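Residue numbers (our numbering), protein chains in the order written: chain A, 8 to 445; chain B, 215 to 683.
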């Protein structure tokens with residue numbers, strides 16, 4: 008029986024405050040701002056992986072060290088944008104999915120808050136790495152390790168976010184999940200993580216292809232052996248490879264999702280996104296196998312196509328969530344409404360039957376019971392001295408007692424200080440009279 | 215009630231938020247809001263001092279750039295992440311409260327976000343284009359305008375968030391009419407903004423004075439000159455800080471006492487309040503003395519260590535100020551709407567009628583029985599006390615009672631006294647919310663605290679205790 012209760016899906020109540028904007032507006036804001044955020048997160052993670060790779064390669068071919076430096080310059084910008092652009096989706100998901108998001112956060116608590124120190128350290132490491140290029144020029148092992156550590160952290164953080172985003176979809180697990188490690192083992196976490204890593208590499212490839220292709224970028228000032236074409240082709244190839252691999256990992260992500268959020272609408276959306284990616288891949292293939300001078304000709308076409316794919320995938324992601332949580336949201340709304348009804352009833356009842364304190368005839372005694380009795384009794388010390396002692400001190404000096412109650416303090420070394428109580432003049436007089444009568 | 219409970223039983227949950235938040239405020243005020251206009255000003259001085267054929271005075275420009283390097287690295291790492299950290303930690307410790315704040319202030323926060331994005335983009339351009347700005351007079355002039363724009367945006371960011379902080383202390387007429395405007399224009403908003411603005415300038419001045427000392431070489435003209443300019447900046451900020459502090463100081467009693475007469479704050483509050491006055495006087499005098507000497511006696515040899523004093527003074531001042539702000543809003547987390555235990559004031563009658571556990575989504579027990587009493591007590595503790603108190607850690611509930619009853623070692627807590635105290639707690643300690651549960655839950659809570667005191671251990675989990683029966 009007990010197990011049965013524990014295993015039941017918890018149905019919490021929502022906050023009894025209305026949404027600040029129409030639901031659909033919030034959904035659009037959430038999806039769009041999230042895609043913007045994740046774009047820069049991809050560039051930050053992908054950029055740091057490529058920097059590390061390029062710098063290690065640079066141990067043999069020095070120009071790759073220069074390439075690493077050039078990519079590293081972009082990380083510190085992209086990471087700042089990734090953080091600041093993360094605020095809007097965080098705000099929106101907190102508003103739309105208050106109970107779901109916060110419950111997942113609480114269940115993975117220590118890891119959730121560890122995001123802050125970990126990311127701070129990773130950011131500081133990227134600065135340390137960027138600004139120590141010359142100083143540590145003769146100590147490459149240390150210099151590369153700094154970036155290596157930053158990359159490790161950058162690879163771990165997305166896992167924390169993913170676990171939260173995944174766990175919020177499963178209220179039925181909230182009663183049994185005991186922490187991050189357990190939430191990590193829910194199906195779908197690792198396929199999605201792989202999906203994210205491939206997206207990071209693919210996006211960064213496209214970004215680097217653009218970055219080194221800009222007319223304002225004076226390539227020859229930095230590189231003598233490496234050519235613009237070579238780097239751009241490599242970057243394009245990375246995007247091609249990573250995107251092609253998504254065609255393998257994508258279905259795995261979809262198949263490991265629990266069926267509760269599946270819908271034809273979702274499959275259609277994701278399918279359309281995948282279909283749009285095919286011409287993009289075809290164009291990249293043509294460019295990397297074609298003539299050097301025509302590389303980049305279709306860059307904006309490819310980018311537009313892939314952005315369309317990403318938009319469809321992002322929308323599909325939201326569709327799954329909406330369908331998966333709908334039944335639970337209905338139950339929660341009903342429970343919230345019912346709770347508010349009960350609150351109203353209980354408030355009215357409490358007004359009709361005020362607590363029985365009418366047995367006290369004396370006004371001073373009533374004040375004493377509600378305001379003083381927590382700390383004072385008749386015969387014995389509780390927190391402060393008993394009434395007996397008060398009478399002994401203030402017998403024949405009602406003004407003294409009055410003044411002390413008005414502005415109390417600390418008189419006895421072995422007793423705690425008495426706080427002021429905020430009684431009205433009438434109440435003080437009544438209670439002082441009551442005390443001295445005892 | 216509606217969220218799984220996250221509880222750090224050693225350090226206490228509020229300390230987690232406090233550490234992150236205070237760090238954020240210090241960086242925001244000292245290295246962004248107050249600091250960037252100062253850096254821009256120093257850059258401008260260099261620009262003006264530049265000769266006929268030069269873009270700028272190199273030494274001044276280098277100093278401005280170095281100061282900005284410190285601000286850039288710290289604000290875009292620790293500063294940015296502690297800002298997010300306030301959200302993440304609040305969502306762990308107090309989800310109902312941060313969730314409610316977001317629903318009320320979504321618009322303000324969204325605008326805040328837009329300003330914030332602009333601010334980050336500007337700071338990236340401002341700092342990273344420094345080298346390029348040295349190419350021509352026009353480029354430098356443009357760069358300085360950029361610094362000015364950045365200064366304005368950092369201030370706007372702060373001025374929006376201050377409204378939300380004010381709202382938590384006194385929700386004004388919002389509790390009745392629940393409109394955004396009522397919440398945003400809460401009564402403490404402007405006094406707090408009037409105080410924080412010059413405070414930020416002063417903190418930034420103290421930091422810049424120390425940093426400029428480090429970045430310039432001994433006996434150089436720039437050391438003396440830049441020291442004098444920064445000292446002037448601080449001396450100008452002092453009277454505004456004092457005026458702002460006074461306005462704010464006079465505003466506080468109206469807030470915290472609510473419907474009680476103004477003359478009687480509690481002793482606890484009074485002691486914080488007195489401490490604040492001491493800190494204000496101490497920090498401001500240190501600033502006046504050091505900045506005054508640097509400004510009026512430029513040739514006096516002051517040891518570098520003394521430059522640390524205004525920084526420490528201002529940090530302590532800002533820290534105690536935030537502590538008081540936290541204290542003032544008790545017993546509420548959102549003024550007159552939600553108590554600091556995260557339970558809504560309006561829901562109390564129902565909890566009193568049915569008991570707290572009956573409505574606690576995640577409690578394994580819904581009703582107190584003789585068998586589950588300790589477990590039930592633990593749940594009541596988690597729901598009603600654990601946002602501020604721990605069992606044996608910081609602000610321990612056991613120690614609070616032991617101290618209050620002045621117990622000697624090995625003396626046990628008295629059940630009836632505790633019961634009576636808790637049921638009148640809001641009268642005895644005005645900063646405590648009233649006990650939300652029913653009679654049986656009060657008994658269970660007291661039994662749990664007694665158990666904690668006598669064994670020092672949490673109660674056995676329910677299943678084992680049921681099995682062993």
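From the three backbone atoms N, C-alpha and C, an ideal C-beta is built for every residue, glycine too.
For clarity, every value in this text was computed on a predicted model and none was experimentally measured.
Check: Of all Cβ atoms in chain B, is any one closer than 8 Å to the Cβ of residue 24 of chain A?; Outcome: yes
Check: Indicate whether at least one CB of chain B lies closer than 8 Å to the CB of residue 161 of chain A.; Outcome: no
Check: Per DSSP, what kind of secondary structure is residue 558 of chain B in: helix, strand or coil?; Outcome: strand
Check: Kindly list the residues whose CB is nearer than 7 Å to the CB of residue 325 of chain B, restricted to its own chain and excluding five residues on each side of it in sequence; keep chain order.; Outcome: 374
Check: I'd like the ranges of any alpha helix (DSSP H) spanning at least 4 consecutive residues and lying wholly in the stretch 442-470 of chain B.; Outcome: none
Check: To the nearest angstrom, how far is the alpha carbon of residue 135 of chain A from that of residue 217 of chain A?; Outcome: 26 Å
Check: Mapping the DSSP letters down to three states, classify residue 610 of chain B as helix, strand or coil.; Outcome: strand
Check: Evaluate contact between the stretch 34-50 of chain A and the stretch 82-101 of chain A, counting only Cβ atoms and requiring at least three cross-stretch pairs below 8 Å.; Outcome: yes
Check: Alpha carbon to alpha carbon, what distance is there between residue 377 of chain B and residue 398 of chain B?; Outcome: 6 Å
Check: To be precise: take each residue of the stretch 318-351 of chain A, compare its Cβ to all Cβ atoms of chain B, and keep it if any distance is under 8 Å. Which residues remain?; Outcome: 346, 349, 350
Check: Return the CA-CA distance between residue 4 of chain A and residue 270 of chain B, expressed in angstroms with no decimal places.; Outcome: In the structure as shown, chain A begins at 8 and stops at 445. Residue 4 of chain A is therefore absent and cannot be evaluated.
Check: Does DSSP put residue 390 of chain A in a helix, in a strand, or in coil?; Outcome: coil
Check: Under the rule that 16 or more other beta-carbon atoms within 10 Å means buried, what is residue 445 of chain A, buried or exposed?; Outcome: exposed
Check: For residue 688 of chain B, which three-state DSSP category applies?; Outcome: In this structure chain B extends from 215 to 683, so residue 688 of chain B is not present and cannot be described.
Check: To which residues of the same chain is residue 251 of chain B closer than 7 Å at the C-beta, ignoring the five residues directly before and after it?; Outcome: 365
Check: Any idea if residue 392 of chain A is buried or exposed, counting beta-carbon neighbours within 10 angstroms, 16 or more meaning buried?; Outcome: buried
Check: Is it true that the stretch 557-577 of chain B meets the stretch 596-607 of chain B, where meeting means three or more beta-carbon pairs spaced less than 8 Å apart?; Outcome: yes
Check: Return helix, strand or coil for residue 603 of chain B, following the three-state DSSP convention.; Outcome: coil
Check: Under three-state DSSP, which class holds residue 351 of chain B?; Outcome: helix
Check: Between the alpha carbons of residue 552 of chain B and residue 380 of chain B, how many angstroms are there, rounded?; Outcome: 15 Å
Check: Tell me which residues share the same chain as residue 521 of chain B and place their Cβ nearer than 8 Å to its Cβ, disregarding the 5 neighbours each side in the sequence.; Outcome: 423, 424, 427, 504
Check: Hey, is the stretch 107-115 of chain A in contact with the stretch 169-184 of chain A, meaning 3+ C-beta pairs nearer than 8 Å?; Outcome: yes
Check: Which residues of chain B have a Cβ atom closer than 8 Å to the Cβ of residue 447 of chain A, listed in chain order?; Outcome: Residue 447 of chain A is absent from the structure shown; chain A starts at 8 and stops at 445.
Check: Give a yes or no on whether the minimum CB-CB distance between residue 139 of chain A and chain B is below 8 Å.; Outcome: no
Check: I'd like to know whether the C-beta atoms of residue 327 of chain A and residue 264 of chain A end up nearer to each other than 8 Å.; Outcome: yes
Check: Taking only three categories from DSSP, how would you classify residue 11 of chain A?; Outcome: Interpretation of residue 11 of chain A is limited by its pLDDT of 46, a score under 50 that renders its predicted location unreliable; no figure is taken from the coordinates.
Check: For residue 419 of chain B, count the other beta carbons within 10 Å of its own beta carbon; 16 or more makes it buried, fewer makes it exposed. Which is it?; Outcome: buried
Check: Does residue 126 of chain A get closer than 8 Å to chain B when you measure Cβ to Cβ?; Outcome: yes
Check: Between B/542, B/296, B/237, which lies nearest to residue 127 of chain A when the distance is taken from Cα to Cα?; Outcome: B/296
Check: On the criterion of 16 or more Cβ atoms from any shown chain inside 10 Å, does residue 259 of chain B qualify as buried, or is it exposed?; Outcome: buried
Check: Do the stretch 443-463 of chain B and the stretch 406-418 of chain B meet, that is, are 3 or more Cβ pairs less than 8 Å apart?; Outcome: yes
Check: In the DSSP assignment, what residue or residues form a beta bridge with residue 383 of chain A?; Outcome: A/388
Check: Check the C-beta distance from residue 42 of chain A over to residue 317 of chain A and give it rounded, since I have them as a contact under 8 Å.; Outcome: 6 Å
Check: Quick one: what's got a C-beta closer than 6 Å to residue 664 of chain B's C-beta in the same chain, skipping five residues either side?; Outcome: 627
Check: So, residue 275 of chain B versus residue 605 of chain B, is the Cβ gap smaller than 8 Å?; Outcome: no
Check: What does DSSP give as the partner residue(s) for residue 548 of chain B in the beta ladder?; Outcome: B/552
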